[in-house]
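Remarks on the structure that follows.
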Amino acid sequence: MKSPYEGVAIVGAYNTVQAKQLPGMTESELILDAINGALDDAGLRPEDIDGLNISSWVSRVDSRTAAQWFGGRPIWTGSSTPGIDGVLEAAAAIHSGQCHTVLIATAQCGEYTDRKSTVSWTRPQNEFVECWGLYTAAEFALMAQRHMHIYGTPREALSEVAAAIRSNGAVNPEAVFYGRECSPAEVEASRMVANPFRLLDCCITSEGGACMILTSAERAKDLDVTPIHVLGGALDRQGNAYVTAPVWERYGWVGRRALEMTFEQCGLGTKDVDFAEFYDPFSFEIIRQLEAFGFCKEGEGADFVLEGRIRIDGDLPVATNGGILSFSHAGVVQLLQKPLNAVLQLQGRLVPELTLHEPNVALATNGGSGALFCDVMALGKEPV
């Protein structure tokens, strides 16, 4: 299968400040900050951009509104979520000649997620499930419980995952949880949220923004950057997230199809992957993805992580910036930050403690079993 993203590279990647809350900031300000940062990173000007995918949750900034920031001229606009699906949509548009340089930006602030409760309209589907006590952590917990029942997955494997990823965030100065060391014992000691998940098994909430710029590999040659090539990617959507019952036998291996298509596009396999920016809403999802994607056999994910293999010095480091367990989880911004951090890691731009030795190929994912979708993307220093 020929890749529909051949000849496309990422040349700009920028995160704004990430924090639990950013009082006094607006999403428009964060998006503009992210855009300017990414343009500077790529060495481009606004007039060099002819494609946009811009969105925010609270202030509802969108691509058509933002087009005026780029001169109000004719411009291609994406309609996908500004995550892996948005990146792949932009790459396909460049590959097909609809545009040559696309900027993707998003931000979230003003949610104040530390309130005791969040009103239902922030996720309309909640009205169908919250009356039964079902919420995101519980939906993912159902999948974890089923896996533990079938394969005997030990609880300590979840704590190892959480501690490994949070340890990355603890040494990342840009992470919301910077300086907050975490051990498996501390995860085990944290309060229960939704069995088997304890508090430190669960992702954080935060605010911030991010921006990425893609262009043709040919145009990238004229820029003073290390281009990161889009090697392949695919989407796997299997149901109405947070409403459809998360049944393991039906949705436990979600993402496997997307990974197989991704590898088919670029001719790579699991042995070629140097690190993985896996989606990490809850610790168990890392174990599930390792098995679903073939990094280990079904039922052996716990052994894989307990051997220290996903640690920063392991043979498959995962969520190397601290992930959404520690770095940041600012709404949909985190969907873009998964491939964005893969870019930064491949370019050698993380702090020394988190910089891997000459990585060449990365995987990034969005979504998980409890959400009934999983998108996959492969990125590399060299085209294939």
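Position 145 (the sequence shown) corresponds to 183 in my numbering; numbering is contiguous. All residues carry an ideal CB built from backbone N, CA and C; glycine is no exception. Note that the structure is predicted; figures quoted are calculated from it, not measured.
Do you know offhand how far residue i's Cα is from residue j's?
i           : j           : result
residue 53  : residue 271 : 22 Å
residue 138 : residue 286 : 42 Å
residue 424 : residue 200 : Because the chain spans 39 through 422 in this model, residue 424 falls outside it and cannot be assessed.
residue 116 : residue 87  : 13 Å
residue 188 : residue 135 : 49 Å
residue 93  : residue 59  : 19 Å
residue 165 : residue 172 : 10 Å
residue 419 : residue 389 : 19 Å
residue 424 : residue 69  : The shown model of the chain, from 39 to 422, leaves out residue 424, and the question about it has no answer.
residue 277 : residue 363 : 25 Å
residue 247 : residue 319 : 18 Å
residue 64  : residue 145 : 9 Å
residue 292 : residue 279 : 12 Å
residue 221 : residue 82  : 43 Å
residue 346 : residue 356 : 11 Å
residue 303 : residue 230 : 42 Å
residue 385 : residue 167 : 43 Å
residue 191 : residue 337 : 7 Å
residue 43  : residue 141 : 16 Å
residue 376 : residue 207 : 14 Å
residue 110 : residue 100 : 14 Å
residue 159 : residue 305 : A caution first: residue 159 carries a pLDDT of 47, below 50, which makes its placement in the model unreliable, though a value can still be read off. If you take the alpha carbons of residue 159 and residue 305, they lie about 44 Å apart.
residue 235 : residue 184 : 13 Å
residue 352 : residue 97  : 41 Å
residue 391 : residue 335 : 30 Å
The beta strand (DSSP E) spanning residue i covers which residue range?
i           : result
residue 269 : 266-272
residue 140 : 139-146
residue 92  : 89-94
residue 247 : 246-254
residue 401 : 399-404
residue 50  : 46-53
residue 416 : 413-418
residue 231 : 230-232
residue 314 : 313-315
Could you tell me whether the Cβ atoms of residue i and residue j are closer together than 7 Å?
i           : j           : result
residue 322 : residue 196 : yes
residue 348 : residue 227 : no
residue 80  : residue 50  : yes
residue 394 : residue 416 : no
residue 308 : residue 332 : yes
residue 210 : residue 317 : no
residue 379 : residue 315 : yes
residue 120 : residue 74  : no
residue 181 : residue 284 : yes
residue 122 : residue 254 : no
residue 266 : residue 381 : yes
residue 95  : residue 369 : yes
residue 194 : residue 343 : no
residue 358 : residue 383 : yes
Could you pull the start and end residues of the alpha helix (DSSP H) that residue i belongs to?
i           : result
residue 39  : First-last for residue 39: undefined, no H or E at that position.
residue 190 : Premise fails: residue 190 is in no alpha helix (DSSP H) and is neither H nor E.
residue 381 : 371-384
residue 322 : 322-330
residue 226 : 222-227
Does residue i pass the burial test, meaning 16 or more other C-beta atoms within 10 Å, or should it be called exposed?
i           : result
residue 399 : buried
residue 219 : exposed
residue 256 : exposed
residue 408 : buried
residue 157 : Confidence at residue 157 is low in this model, with a pLDDT of 49, below 50, so the placement of that residue should be treated as unreliable; the coordinate-derived value is given next. Flag for residue 157 reads exposed.
residue 329 : buried
residue 217 : exposed
residue 406 : buried
residue 223 : exposed
residue 260 : exposed
residue 186 : buried
residue 204 : buried
For residue i, tell me which candidate among the options has the shortest Cα-Cα distance.
i           : options            : result
residue 61  : 210, 290, 245      : 245
residue 169 : 281, 410, 377, 392 : 281
residue 84  : 383, 107, 255      : 107
residue 273 : 166, 118, 241, 101 : 118
residue 371 : 91, 100, 143       : 143
residue 397 : 350, 133, 369, 205 : 350
residue 48  : 110, 335, 124      : 124
residue 258 : 283, 45, 310       : 45
residue 127 : 41, 145, 224, 95   : 41
residue 249 : 77, 212, 213, 98   : 77
residue 300 : 178, 98, 413       : 413
residue 297 : 411, 105, 96, 177  : 411
residue 178 : 289, 225, 109      : 289
residue 55  : 306, 213, 354, 311 : 213
residue 263 : 387, 374, 335      : 387
residue 275 : 294, 269, 129      : 294
residue 423 : 215, 89, 97, 129   : Here the chain covers residues 39 to 422 and nothing more, so residue 423 does not appear.
residue 242 : 175, 39, 269       : 175
Using a C-beta cutoff of 7 Å, does residue i count as contacting chain D?
i           : result
residue 280 : Structure shown: chain D not included; a single protein chain is present.
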